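Worksheet: the structure to be examined is printed underneath.
Residue numbers (this note's numbering), protein chains in the order written: chain A, 20 to 762; chain B, 20 to 762.
Here it is, written out as structure tokens:
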């Protein structure tokens with residue numbers, strides 16, 4: 020009996036087990052099975068995948084990319100540019116390492132070139148028009164690629180053509196204050212001004228001089244500003260070091276707005292209406308030509324007149340004088356004038372962006388964008404090919420994993436290889452104009468890596484504050500090049516840091532207030548949360564304004580591989596860091612934005628504004644209380660938002676709740692846009708990050724309006740200060756509303 | 020043994036069953052059970068719920084609402100207005116039939132009132148300044164509520180104060196063409212012009228006359244335009260019919276822009292910067308006063324001068340002459356002048372919107388908005404209280420179902436009771452300015468029901484084409500008032516229809532091209548898909564410009580209940596139709612938008628534009644091919660979108676895929692916004708629906724630019740036509756891009 024019972028129990032147990040198994044696995048619960056998409060929608064970023072990505076980023080591949088990209092000069096719309104278009108398409112369409120799709124988008128854009136039939140000439144001519152000296156028309160070659168016939172001779176793009184002649188004067192950086200000071204001593208009417216790069220924009224040097232009667236402008240790079248004073252190509256400058264040789268000349272666009280100039284706010288398609296060329300604002304009104312410092316020193320050291328102030332002195336071994344105007348009577352150039360014969364012409368040409376995408380699996384309608392320009396002035400090894408090499412390595416690694424079926428991002432990733440950036444960020448701007456609605460509605464963030472490596476000391480980054488933490492997270496996962504067991508983050512914080520009330524000491528992040536690269540239209544026109552990063556200098560070792568071969572014929576593979584990043588480990592670190600950021604933005608379930616960090620910046624801005632302006636505003640009966648209230652609202656809304664994210668179990672929430680939060684984060688910067696906030700600034704709409712001439716770390720429109728009112732003293736200008744305060748207050752309150760309870 | 024076996028089998032069977040049950044119900048399948056939100060996210064509109072809603076909408080409740088709302092005059096910011104604020108708050112905060120939340124939002128806005136201490140006076144005075152006739156200062160009372168001391172006397176809001184005197188002339192509707200014609204016969208300098216309502220905006224009648232030297236303007240409503248010619252209050256006009264009594268006067272705002280005038284684009288908070296009052300554009304430059312037709316006929320029938328043209332003649336029993344200027348020598352007014360003494364003053368006052376919400380359960384961050392203004396000129400039974408009565412009935416029915424826990428919408432519903440609409444759509448405009456970012460990002464649609472019932476013949480609606488089908492669907496589910504077994508839709512199509520290439524014969528839908536009610540800022544400034552609806556006239560029975568008591572002291576409960584909608588069945592039909600639309604927009608899984616219908620309208624616009632303009636544009640070397648291509652792109656994108664929706668099994672798709680489609684639909688109208696498209700039109704940004712003076716059913720900016728170019732013949736104006744074509748082309752292509760594959 021006991022045995023029977025035991026057998027019975029045993030049987031029962033077996034049968035029960037079988038039953039449980041059948042019940043659990045064999046019978047579908049009616050209405051209850053998880054839908055097929057249930058796992059996908061809660062998918063989060065995969066740290067293992069990031070580790071894989073980091074390990075596959077290869078410095079040798081980057082080096083090889085750079086070698087290919089720099090084979091020939093690739094000035095926008097030239098044959099060399101087309102070769103890089105083909106290269107990008109080939110890489111991005113590669114069946115094994117390419118993207119889902121890649122294509123080209125063309126725009127017909129207004130460019131400026133020197134005329135090969137009328138080469139630009141600068142000469143010193145005496146009273147009888149005899150040429151005493153002719154300035155170099157091209158740089159001395161130290162490597163064979165500099166002999167390429169497609170090396171464009173130095174010129175100032177968008178300088179008008181013309182033949183002008185006048186006594187020479189030295190105008191320092193060509194800033195308004197420089198010309199004002201110079202004009203107190205010298206009658207500038209009919210003069211040619213020689214100015215040095217730096218201090219203000221390129222075009223401004225001519226625009227600022229013209230009202231004083233200056234008829235032509237020369238620009239050169241002083242060894243003080245670029246070479247830490249060194250000048251000799253016998254043993255000091257390239258090919259002996261990274262420093263600029265005496266005949267090196269920085270080329271550049273001398274325009275002041277960004278985007279195609281004939282089609283403001285409209286994509287420059289063939290059929291698009293074009294404004295009359297005479298209506299283009301912000302172009303140099305007088306001929307300009309950039310020259311090397313070898314020639315500049317000859318001219319400057321021969322100048323007559325009073326001694327220029329101490330802070331106008333550069334590194335030449337002579338005293339910099341204002342100019343008589345003109346040269347010393349003791350000089351061989353005495354009584355001579357400087358003559359500019361500029362043959363530049365403007366023309367509409369087809370420029371291409373190359374676009375590539377990896378489609379998102381869960382939220383294909385959310386875009387993380389990553390871009391860099393493709394066009395250079397000459398070979399452009401550093402500017403921009405260092406960045407393009409990095410981008411190509413990121414797309415190779417990700418493309419292969421996609422093609423192998425091992426990964427597909429949650430959100431879509433769009434890569435852009437922009438054309439004609441050097442002529443005023445044209446390719447990226449036209450793209451944002453053409454796809455304005457779509458990009459505004461769907462873009463989570465734009466990552467820009469233009470020059471990836473200026474120097475190999477430390478990472479540097481400029482971002483909207485909401486995504487600074489993503490850069491920090493990424494930088495903590497990458498080894499600093501050349502340093503054992505130090506992360507990029509640890510290295511960075513040593514070079515540049517600040518103390519945040521919330522986070523303590525963190526790396527100092529820059530702001531995207533200008534239009535220095537292709538992020539401009541994304542930040543200022545579309546209000547898309549953006550990021551720009553690179554490896555850069557140890558400022559204790561150089562005061563070079565920028566890497567010395569910038570925009571010269573010396574920016575070659577040889578230069579980059581010998582003096583900027585031997586071994587390409589800094590390139591690799593940037594690829595790893597930027598790629599890591601890209602993956603976090605593309606794959607995270609909840610976007611890794613931190614609203615509190617935005618609030619912290621607004622707080623800083625407010626404190627600065629109160630310190631600088633409140634007293635004088637009170638005297639004009641303009642209260643800062645409303646903007647204080649707005650920043651306070653924003654702070655509270657931001658910490659509410661961060662708290663919701665921190666305390667919610669979002670993996671188990673409805674995907675629509677997660678999407679709601681992500682939309683709030685994605686659109687945060689859009690709330691700061693006001694297309695009417697800066698009526699005088701083309702395409703600037705973001706009230707927090709617009710450019711400002713006041714140079715203060717505070718609200719740009721307020722700072723500029725305040726300066727103007729103080730300087731004019733007019734009631735209408737004080738009214739404008741009040742008006743702009745209301746614009747700001749409404750934008751900040753509006754942004755806060757988007758972060759508080761959604762209804 | 021058999022028994023033991025049987026018992027054993029029995030036990031086994033029991034145990035197996037228990038096991039299966041445990042296995043099935045007792046043990047959670049790891050990772051596989053449907054998440055708790057899985058059913059919610061696929062929830063769709065419930066037709067049974069709509070049936071419940073329709074059956075609960077009660078005409079008696081609407082009648083009672085109207086009785087309460089019209090107890091006292093409720094001119095914006097007066098005590099009567101405050102009473103309606105309290106009423107709205109009480110209703111929307113009612114614990115049994117209220118909304119989730121309701122609150123007031125205040126703005127300090129610039130209004131215009133007559134000065135009780137200096138009542139507006141119009142007199143006929145002879146050469147020795149003796150008053151021969153004083154025009155009535157207020158309407159004759161036929162019901163006791165018209166004796167309310169708070170009935171504001173007739174005035175032209177925003178007319179400047181002033182005392183002007185001059186010979187009278189008759190200027191028809193006061194259009195530019197009217198003054199031009201009149202000026203060919205009469206020297207208008209120093210004259211007072213009497214004009215009739217209609218033909219152009221109120222303010223325009225003064226603005227158009229001033230350049231000719233006209234110093235003051237009277238406006239009246241001709242019985243021809245409002246009363247089908249009837250004039251006697253003994254047996255023809257109210258209280259004997261719906262027609263306007265002889266002393267009735269239409270009040271109104273004589274401004275031309277919408278929104279608070281001192282704070283353009285900024286919400287009018289206390290601290291907001293205000294422009295100088297002298298900088299307000301679009302106000303009448305000379306005094307204006309509206310008068311009744313009893314007085315107008317005395318003046319007009321006494322006018323000297325040539326006979327006015329046939330189409331200037333109204334219904335008075337006399338010939339309408341231009342005026343000598345001034346009166347006939349045979350008249351008692353001979354040699355007399357008309358004198359206007361206007362004491363209006365402008366002042367900033369606090370105006371309230373009342374807001375109420377029902378929070379969405381699944382997508383709380385998607386808003387369906389429904390609104391109407393609350394302020395009236397006098398008792399405002401029809402304008403706007405008919406609409407408010409309807410809104411209150413919709414909120415009562417829905418609020419009760421929410422409070423009972425029987426229903427909660429998928430998306431959030433926001434109700435707005437706007438203030439100060441009569442002064443220029445102020446409350447709704449300030450609201451959209453304050454919450455610009457949030458509303459742009461999240462609003463699915465705005466439904467406006469201002470005057471719910473103009474007359475009880477048929478439904479009429481103006482919409483963006485993408486939601487016309489929702490109105491049709493709703494109208495098919497509501498019985499036409501007063502008709503057995505006829506739906507609102509069937510009745511409507513009889514009164515007004517068109518043939519659509521896709522749908523065949525459908526009711527004719529209007530466009531929201533003007534700024535006639537509170538949809539203006541939603542449509543033109545925010546680009547939100549909007550809808551305006553009401554019950555209206557049988558045009559075979561009356562040519563009344565509008566219901567005759569409009570903006571007069573006769574727009575009372577008595578008038579509405581006797582002559583506009585006895586039994587309130589038309590109100591009920593509007594409540595049912597508008598509520599039905601609201602529910603479909605709020606509850607549908609996929610938004611019930613039809614992109615093909617938008618494409619059809621763009622096609623119509625294009626055909627009209629090609630027919631009207633192509634030949635002349637070709638002669639100016641301006642091609643219409645790009646816009647043809649853009650409309651074609653849009654058409655293809657729209658049908659692709661409609662096809663995706665039709666063929667996808669969206670109930671079983673990821674909720675993020677559904678959301679993606681819904682976002683595309685919701686944001687479609689936003690893609691047509693261009694804040695720079697109409698630099699001369701305040702707050703107009705929607706390139707398809709902006710107002711136009713050309714009066715053609717085509718792209719408004721193109722039509723206006725074309726007319727200007729033809730009239731001036733200047734190259735810069737033809738350039739502007741080309742420019743605007745590029746703006747349009749880019750906007751339409753951009754909208755198409757948002758509908759095609761998301762990446």
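All C-beta atoms in this analysis are idealised placements derived from N, C-alpha and C, irrespective of residue type, glycine included.
Being a predicted model, the structure only gives us computed values, none of them experimental.
Exercise for review: For residue 455 (chain B), go through chain A and note every residue whose CB falls closer than 7 angstroms to its CB, in chain order.
Suggested key: As a working note, residue 455 (chain B) is residue 436 in the second chain. Ordered by position in chain A, the residues that pass the 7 angstroms Cβ test against residue 455 (chain B) are 753.
Check your understanding: Helix, strand or coil: how does DSSP classify residue 751 (chain A) here?
Key -> Numbered from its first residue, the first chain carries residue 751 (chain A) at position 732. Reduced to three states, the DSSP call for residue 751 (chain A) is helix.
Practice item. Compare the beta carbon distance of residue 193 (chain B) and residue 224 (chain B) with 8 angstroms and say whether it is the shorter of the two. Key: The residue given as residue 193 (chain B) occupies position 174 in the second chain. The residue given as residue 224 (chain B) occupies position 205 in the second chain. Closer than 8 angstroms, so yes.
Practice item. Reducing DSSP to helix, strand and coil, say where residue 659 (chain A) ends up. Key: Residue mapping note: residue 659 (chain A) aligns to position 640 of the first chain, counting from 1. DSSP places residue 659 (chain A) in helix when its eight states are reduced to three.
**Study point:** Min CB distance residue 527 (chain A) to chain B below 8 angstroms
**Key:** As a first step, residue 527 (chain A) must be located in the first chain, where it is residue number 508. Residue 527 (chain A) does not count as touching chain B.
**Study point:** C-alpha distance - residue 204 (chain A) paired with residue 325 (chain A), whole-angstrom precision
**Key:** For the purposes of this step, residue 204 (chain A) is taken as the residue at position 185 of the first chain. For the purposes of this step, residue 325 (chain A) is taken as the residue at position 306 of the first chain. Spanning the two alpha carbons is a distance of roughly 8 angstroms.
Check your understanding: Where does residue 254 (chain B) land, buried or exposed, given buried means 16+ other C-beta within 10 angstroms?
Key -> Taking the second chain and counting its residues from 1, the one referred to as residue 254 (chain B) is at position 235. Looking at its Cβ environment, which holds fewer than 16 other Cβ atoms inside 10 Å, residue 254 (chain B) is exposed.
Review point. According to DSSP, which residues form a beta bridge with residue 422 (chain A)?
Key: Counted from its first residue, the first chain places residue 422 (chain A) at position 403. Partner(s): none; residue 422 (chain A) has no beta bridge.
Practice item. Please report how far the alpha carbon of residue 588 (chain B) lies from the alpha carbon of residue 471 (chain B), in whole angstroms. Key: Reading the second chain from its first residue, position 569 is the one you call residue 588 (chain B). Reading the second chain from its first residue, position 452 is the one you call residue 471 (chain B). C-alpha separation (whole angstroms): 11 angstroms.
**Study point:** Under 9 angstroms from the C-beta of residue 642 (chain B): neighbouring residues of chain A
**Key:** Along the second chain, one-based indexing puts residue 642 (chain B) at 623. Per Cβ cutoff of 9 angstroms: 290.
Point to revise | Helix, strand or coil at residue 242 (chain A) according to DSSP, with G and I counted as helix | key: On the first chain, position 223 is the one that residue 242 (chain A) refers to. Note: residue 242 (chain A) maps to helix in three-state DSSP.
Review point. Taking the Cβ atom as the reference point for each residue, do residue 391 (chain B) and residue 507 (chain B) lie within a distance shorter than 8 angstroms?
Key: Position 372 of the second chain holds residue 391 (chain B). Position 488 of the second chain holds residue 507 (chain B). No, Cβ-Cβ distance for residue 391 (chain B) and residue 507 (chain B) is not below 8 angstroms.
Check your understanding: For a contact meaning CB atoms closer than 8 angstroms, what does residue 300 (chain B) contact in chain A?
Key -> The count along the second chain starts at 1 and reaches residue 300 (chain B) at position 281. Simply none; closest approach about 15 angstroms.
Exercise for review: Indicate the three-state DSSP secondary structure (helix, strand or coil) for residue 203 (chain A) in the structure shown.
Suggested key: Within the first chain, residue 203 (chain A) is the residue found at index 184, counting from 1. In the structure shown, residue 203 (chain A) sits in a helix (DSSP, three-state: H, G or I).
Practice item. State the Cα-Cα distance for the pair residue 566 (chain A) and residue 710 (chain A), rounded to the nearest angstrom. Key: As a first step, residue 566 (chain A) is located in the first chain; it is residue number 547 there, counting from the start. As a first step, residue 710 (chain A) is located in the first chain; it is residue number 691 there, counting from the start. Near 24 angstroms, if we compare the C-alpha coordinates of residue 710 (chain A) and residue 566 (chain A).
Exercise for review: Could you name the residues of chain A that residue 389 (chain B) contacts, counting a contact when the two beta carbons are closer than 8 angstroms?
Suggested key: Along the second chain, one-based indexing puts residue 389 (chain B) at 370. Going along chain A, no residue has its Cβ under 8 angstroms from residue 389 (chain B), so there is no contact; the nearest lies around 14 angstroms.
Review point. Mind checking if residue 756 (chain B) is an interface residue toward chain A, Cβ cutoff 8 angstroms exclusive?
Key: By one-based count along the second chain, residue 756 (chain B) stands at place 737. With 8 angstroms as the cut-off, residue 756 (chain B) counts as an interface residue toward chain A.
Review point. Is it right to say residue 457 (chain A) is buried, meaning 16 or more other beta carbons lie within 10 angstroms of its own, or is it exposed?
Key: Residue mapping note: residue 457 (chain A) aligns to position 438 of the first chain, counting from 1. Looking at its Cβ environment, which holds 16 or more other Cβ atoms inside 10 Å, residue 457 (chain A) is buried.
Review point. Any chance the CB of residue 400 (chain B) is under 7 angstroms from a heavy atom of the ligand MN?
Key: In the structure shown, the ligand MN is absent, as is every other ligand, since no ligand is present at all.
Exercise for review: Sort A:415, A:605, A:504 and A:463 by Cα distance to residue 84 (chain A) and report the nearest one.
Suggested key: Here the question's residue 84 (chain A) lines up with position 65 in the first chain. Closest option to residue 84 (chain A), Cα to Cα, is A:415.
Review point. Going by other Cβ atoms of all chains shown within 10 Å of its Cβ, with 16 needed for buried, is residue 337 (chain A) buried or exposed?
Key: Indexing the first chain from 1 puts residue 337 (chain A) at position 318. Under this definition residue 337 (chain A) is an exposed residue.
Check your understanding: Counting only runs that start and end within the segment 419 to 503 of chain B, where is the alpha helix (DSSP H) found for 4 or more residues in a row?
Key -> 445 to 453, 455 to 461 and 487 to 494
Point to revise | Length at least 4, wholly inside the segment 51 to 86 of chain B: the alpha helix (DSSP H) runs in chain order | key: 57 to 60 and 66 to 75
Exercise for review: Mind the definition here: the segment 150 to 159 of chain A touches the segment 400 to 418 of chain A only if three or more C-beta pairs lie below 8 angstroms; say whether that holds.
Suggested key: no
Point to revise | Candidates A:665, A:594, A:608 and A:599, of which the one nearest residue 615 (chain A) by Cα | key: On the first chain, position 596 is the one that residue 615 (chain A) refers to. For residue 615 (chain A), the nearest C-alpha among the options comes from A:665.
Check your understanding: At a Cβ threshold of 8 angstroms, is residue 719 (chain A) touching chain B?
Key -> The count along the first chain starts at 1 and reaches residue 719 (chain A) at position 700. With 8 angstroms as the cut-off, residue 719 (chain A) does not count as an interface residue toward chain B.
Check your understanding: Below 8 angstroms, can you find three or more Cβ-Cβ pairs linking the segment 53 to 63 of chain B to the segment 668 to 679 of chain B?
Key -> yes
Practice item. Verify the CB distance criterion: does residue 701 (chain B) have a CB-CB separation below 8 angstroms to chain A? Key: Locating residue 701 (chain B) in the second chain gives position 682, where the first residue counts as 1. No, no contact with chain A.
Check your understanding: What first and last residue would you give for the alpha helix (DSSP H) that runs through residue 683 (chain A)?
Key -> Position 664 of the first chain holds residue 683 (chain A). Looking at the DSSP string, the run of the alpha helix (DSSP H) that includes residue 683 (chain A) is 674 to 685.
Check your understanding: Which residues in the same chain have their Cβ closer than 6 angstroms to the Cβ of residue 525 (chain B), if we skip the five residues on either side of it in sequence?
Key -> The count along the second chain starts at 1 and reaches residue 525 (chain B) at position 506. If we look at residue 525 (chain B) and ignore the five residues flanking it on each side, its Cβ neighbours are 519.
Review point. Given a threshold of 16 other Cβ atoms within 10 Å of its Cβ, counted over all protein chains shown, does residue 406 (chain B) qualify as buried or as exposed?
Key: For this step, residue 406 (chain B) is matched to residue 387 along the second chain. With 16 or more other Cβ atoms within 10 Å, it is buried.
**Study point:** Interface flag, residue 376 (chain A) vs chain B, CB-CB below 8 angstroms
**Key:** Position 357 of the first chain holds residue 376 (chain A). Yes, because at least one Cβ of chain B sits closer than 8 angstroms to the Cβ of residue 376 (chain A).
Point to revise | Between the CA atoms of residue 459 (chain A) and residue 750 (chain B) - distance to the nearest angstrom | key: Working through the second chain from its first residue, we reach residue 750 (chain B) at position 731. Working through the first chain from its first residue, we reach residue 459 (chain A) at position 440. Going by the C-alpha atoms only, they are around 14 angstroms apart.
Practice item. Quickly, what does DSSP pair residue 525 (chain B) with across the bridge? List them, please. Key: On the second chain, residue 525 (chain B) is found 506 positions in, with the first residue counted as 1. Beta-bridge pairing links residue 525 (chain B) to B:517.
Check your understanding: Could you give the residue range of the alpha helix (DSSP H) that holds residue 317 (chain A)?
Key -> Working through the first chain from its first residue, we reach residue 317 (chain A) at position 298. Here the alpha helix (DSSP H) through residue 317 (chain A) covers 312 to 320.
Check your understanding: Tell me the DSSP bridge mates of residue 777 (chain A)?
Key -> Summary: the structure shown does not reach residue 777 (chain A), with chain A confined to residues 20 through 762, and so no result is reported for it.
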